[in-house]
Amino acid sequence: MHPHLHTKDNIACEEVMTALEECHARGFLWKSLGMCSNIKHDVNMCLRAERLKRTAANREIAKAKREKIQRAWAEIDENS
1 MHPHLHTKDN IACEEVMTAL EECHARGFLW KSLGMCSNIK HDVNMCLRAE
51 RLKRTAANRE IAKAKREKIQ RAWAEIDENS
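Set out below in structure tokens:
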């Protein structure tokens, strides 16, 4: 697997990524005949799920920051 995929954000996919690496290690013919396709699909779905979790968490953090800024501006407007 690419080093950038082995991060703290993708720990849940480590097992599936290792299985894909083992499948690819069996050789070119094994890969070219599509024997690793199901595992590759599983890796893609796992990484997608992890990305969606991070996106949702980031969205909530941004929403909280935006609300804090709006409250601060509302307070400034009240005191002006």
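The letter at position 65 of the sequence shown is residue 65 when you use full-length UniProt numbering, and the numbering goes up by one with no holes.
Quick reminder that beta carbons are idealized off the backbone N, C-alpha and C, glycines included.
No experiment lies behind these values; they were computed from the predicted model shown.
Contact under 7 Å by Cβ, Leu47 with Cys13: Taking 7 Å as the cut-off, the beta carbon of Leu47 is found closer than this to the beta carbon of Cys13.
Inter-residue Cα distance where the pair is His41 and Ala25: Cα-Cα distance, rounded: 17 Å.
6 Å CB neighbourhood of Val16 in its chain, flanking five on each side removed: Closer than 6 Å at the Cβ level, and outside the excluded window around Val16, lie Asp42, Val43, Cys46.
Residue burial classification, Leu20 (beta-carbon count within 10 angstroms, cutoff 16): Looking at its Cβ environment, which holds 16 or more other Cβ atoms inside 10 Å, Leu20 is buried.
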